[in-house]
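J.: In this text, residue positions in the sequence shown follow the UniProt record's numbering: the first is 1, and each later residue adds one.
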Amino acid sequence: MRAANIDPVRIIANEELEAAWADKKPPKAALDAAVHRGNAVLNAKPGLKKSQPF
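1) Among the residues of its own chain, which have a CB less than 6 Å from the CB of Ala33, if the five just before and after it don't count?
2) Taking only the alpha-carbon atoms, compute the straight-line gap between Pro8 and Val35 and give it to the nearest angstrom.
3) Taking all protein chains shown into account, do 16 or more other C-beta atoms lie within 10 angstroms of the C-beta of Ala44, making it buried, or fewer, making it exposed?
4) By Cβ distance below 6 Å, which residues in the same chain neighbour Ala30 in space, the five residues on each side in sequence not counted?
5) Going by DSSP in three states, Ala22 sits in which element: helix, strand or coil?
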C-alpha cells in the first residue's frame with residue numbers, strides 16, 4: 001500500500017517510541033497508541049484511490 005503524507009505517521013511513531021524509551025508509557029501502550037493515532041491519520045487522508053492499480 002502506498003500512503004501519501006507518511007511524515008505525520010513517522011512523527012507519531014517517534015513520539016510514542018520516545019515515550020516508551022523514557023519510561024513515560026509501557027512499551028505495549030506506546031505501540032498501541034502509535035497504531036491508533038497512525039490509523040486515524042491514514043483514515044483521514046487516504047493515499048489510494050480505488051481506481052489505482054496498486
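Every residue, glycine too, gets a C-beta built ideally from N, C-alpha and C.
T.: On the basis of the coordinates in this document:
1) Here the question's residue 33 lines up with position 33 in the sequence shown. Contacts found: Glu16.
2) Stepping through the sequence shown from its first residue, residue 8 is reached at position 8. Stepping through the sequence shown from its first residue, residue 35 is reached at position 35. Cα-Cα distance, rounded: 12 Å.
3) Within the sequence shown, the letter at position 44 stands for residue 44. By the 10 Å Cβ count, Ala44 comes out exposed.
4) Residue mapping note: residue 30 aligns to position 30 of the sequence shown, counting from 1. If we look at Ala30 and ignore the five residues flanking it on each side, its Cβ neighbours are Glu16, Ala19 and Ala20.
5) Here residue 22 refers to the residue found at position 22 of the sequence shown. It is coil, neither helix nor strand.
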